[in-house]
Amino acid sequence: MNIFMVQMNPTVGALAANAALIAAHYTAHAATHDLIVCPELCLTGYTPEDLVLSTAFMDGVEQQVQALAALTTHTQAALLISTAWRGAAQGIQNALILLQGGRIAAISRKHRVPDDGVCDGQRSLKAGPLPAPILLKGQKLGFMTCEDMWFPDVAAHLKAQGATALIVPNASPYEEGKRDRRLDVARKRVQDEELPLLYLNLYGGQDDIVFDGASFAMQADGTLACTLGLFCDDTASVTLTAQGWRCNDNTSCKPWPDELDTLYSALKTSIHDYVLKNGFKRVLIGLSGGVDSALVATLAVDALGADAVHCVMMPTPYTAQISLDDAATLAATLGCSYEIIPITDSMQSMTTLLGARAEHGVVHENLQSRLRGLILMALSNASGACVINGQQI
1 MNIFMVQMNP
11 TVGALAANAA
21 LIAAHYTAHA
31 ATHDLIVCPE
41 LCLTGYTPED
51 LVLSTAFMDG
61 VEQQVQALAA
71 LTTHTQAALL
81 ISTAWRGAAQ
91 GIQNALILLQ
101 GGRIAAISRK
111 HRVPDDGVCD
121 GQRSLKAGPL
131 PAPILLKGQK
141 LGFMTCEDMW
151 FPDVAAHLKA
161 QGATALIVPN
171 ASPYEEGKRD
181 RRLDVARKRV
191 QDEELPLLYL
201 NLYGGQDDIV
211 FDGASFAMQA
221 DGTLACTLGL
231 FCDDTASVTL
241 TAQGWRCNDN
251 TSCKPWPDEL
261 DTLYSALKTS
271 IHDYVLKNGF
281 KRVLIGLSGG
291 VDSALVATLA
301 VDALGADAVH
311 CVMMPTPYTA
321 QISLDDAATL
331 AATLGCSYEI
341 IPITDSMQSM
351 TTLLGARAEH
361 GVVHENLQSR
371 LRGLILMALS
381 NASGACVING
391 QQI
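Quick note, in my numbering, the sequence shown goes up one by one and the last residue is 393.
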């Protein structure tokens, strides 16, 4: 069985755009594969939260699923997607939907719905029963969604029902060290059940969450047959044989960078997707001449391009010349636009307004940062650019 893995970056709520991404991959690879697999909640984006409580939104989900099903009418390839899905009595659930022959051929619902950290699924999504394998081209495939892999009961149940391989669509957020923990858990599942496993993760940023991708195919002995890239659109073609996974291209085992490079990629992806998915085209950064704002500006240029970054230096009488020089040099080196807006007069006005209270504690010192924030937000309102700073990342 030839399987095509699609590591993609959907946007929450953008049903038509997400469906178009899925359809493009299916159309391009259906002729040479038996199954095209996409990550968890690839249609709705992760996490849809209260959108699933909207009747209009869930109607839109059904319309897009039917449109994707229609793509499978005249091909032999099946398409596995993941979405929030309405059940007649079960409520709204996180469901894997297998599309084949122009229709919904099978549905497998997520059994374990997490309710911790960034995952707040139980508020809007109901848990499903232990899933049964799905028969496809003579193979009983055990599909389980993300959290279902982290506990032994789902994989054991699928193996007991005759599954010959495990396929795990995911929306697993990035954390330092998370990649190794995933591999450890996957090895435990495949070694306990003696089954090969496909792990397919989302990538991309959505508000305060970022997904790293890092998908893989693992043999039943715990060795890696295939790895996909970090923080990028990526795909892989694999064949399920009696011996496990066979990779169908020469670049299917890709090196993963060290943790520091991975963290930088996470920050860059977060900036890029937060800005663009929220409809901004440019960003504003207050440069101080210090290390923090220099790092933020560098990340922003790497993420969005120099033309999308505008830096503002707001000196006071306490600003050292070296800070002015360093800020100007950084902006020139990065190639982004740069301006200086002195705030000495504004500080004096505030000092006069506050009188003797301005000399109390850190009041006068903090006037600098607060006035800079006020000016940046005013510039944002005037230009439509998004303000970013070191605290946000």
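Idealized CB from N, CA, C, for every residue including glycine.
CA-CA distance, residue i and residue j?
i: Gln368; j: Ile343; result: 8 Å
i: Gln100; j: Ala69; result: 7 Å
i: Ala385; j: Gly279; result: 10 Å
i: Ser323; j: Ala294; result: 11 Å
i: Leu395; j: Asn389; result: Absent from the structure is residue 395, since the part of the chain shown begins at 1 and ends at 393.
i: Ala303; j: Gln161; result: 46 Å
i: Glu396; j: Arg372; result: The shown model of the chain, from 1 to 393, leaves out residue 396, and the question about it has no answer.
i: His394; j: Ala236; result: Because the chain here runs from 1 to 393, residue 394 falls outside it and cannot be looked at.
i: Glu147; j: Ile167; result: 13 Å
i: Val238; j: Met1; result: 8 Å
i: Asp249; j: Ala171; result: 25 Å
i: Arg246; j: Ala225; result: 7 Å
i: Gly355; j: Val301; result: 42 Å
i: Ser349; j: Pro315; result: 15 Å
i: Met218; j: Ala186; result: 8 Å
i: His272; j: Ile22; result: 21 Å
i: Thr27; j: Asp261; result: 34 Å
i: Ala89; j: Glu339; result: 60 Å
i: Ala382; j: Ala84; result: 38 Å
i: Asp234; j: Pro39; result: 12 Å
i: Asp345; j: Tyr318; result: 13 Å
i: Ser265; j: Ile209; result: 13 Å
i: Leu379; j: Ile341; result: 11 Å
i: Asn366; j: Asp207; result: 29 Å
Apart from the five residues just before and just after residue i, which ones in its own chain have a Cβ nearer than 7 Å to its Cβ?
i: Met377; result: Val387
i: Ala308; result: Lys281, Arg282, Val283
i: His364; result: Thr351, Ala358
i: Thr227; result: Phe216, Cys253, Lys254, Trp256
i: Thr72; result: Ala78, Leu79, Leu99, Gln100, Gly101, Gly102
i: Gly87; result: Gln93
i: Ala306; result: Leu334, Gly335, Cys336
i: Gly244; result: Pro196, Gln219, Ala220, Ala225
What is the C-beta distance between residue i and residue j, in whole angstroms, given that I count them as a contact (C-beta under 8 Å)?
i: Thr269; j: Gly205; result: 5 Å
i: Leu96; j: Pro169; result: 6 Å
i: Ala163; j: Leu195; result: 7 Å
i: Ala14; j: Gly45; result: 7 Å
i: Pro173; j: Phe211; result: 6 Å
i: Gln7; j: Tyr203; result: 6 Å
i: Ala417; j: Thr75; result: Given that the chain is displayed from residue 1 to residue 393, the structure contains no residue 417 and the question cannot be resolved.
i: Pro129; j: Met144; result: Actually they do not touch by this definition, with Cβ atoms about 12 Å apart.
i: Leu200; j: Val37; result: 6 Å
i: Ala297; j: Leu330; result: 6 Å
Please work out which residues of its chain come closer than 8 Å, Cβ to Cβ, to residue i, disregarding the five sequence neighbours upstream and downstream, and give them in chain order.
i: Pro152; result: Lys188, Arg189, Asp192
i: Ile104; result: Val65, Ala69, Ile97, Leu98
i: Val362; result: none
i: Ile107; result: Trp85, Ala95, Leu96, Ile97, Leu98
Under 7 Å between the Cβ atoms of residue i and residue j?
i: Asn18; j: Leu43; result: yes
i: Pro133; j: Lys140; result: yes
i: Ser82; j: Leu41; result: yes
i: Gly138; j: Leu158; result: no
i: Phe267; j: Leu299; result: Looking at the sequence itself, residue 267 is Leu, so the reference to Phe does not match. Yes, they are a contact pair.
i: Arg181; j: Ala214; result: no
i: Leu53; j: Ile3; result: no
Which same chain residues end up closer than 6 Å to residue i when comparing Cβ atoms and leaving out the 5 residues on each side of it in sequence?
i: Gly289; result: Ser323, Asp326, Ala327
i: Ser337; result: His310
i: Gly286; result: Val312, Arg372, Leu376
i: Lys277; result: Thr11
i: Arg109; result: Gln93, Ala95, Gly128
i: Gln321; result: none
Compare the C-beta of residue i with all C-beta atoms of chain B and state if any pair is closer than 7 Å.
i: Ala69; result: The structure shown has no chain B; it contains just one protein chain.
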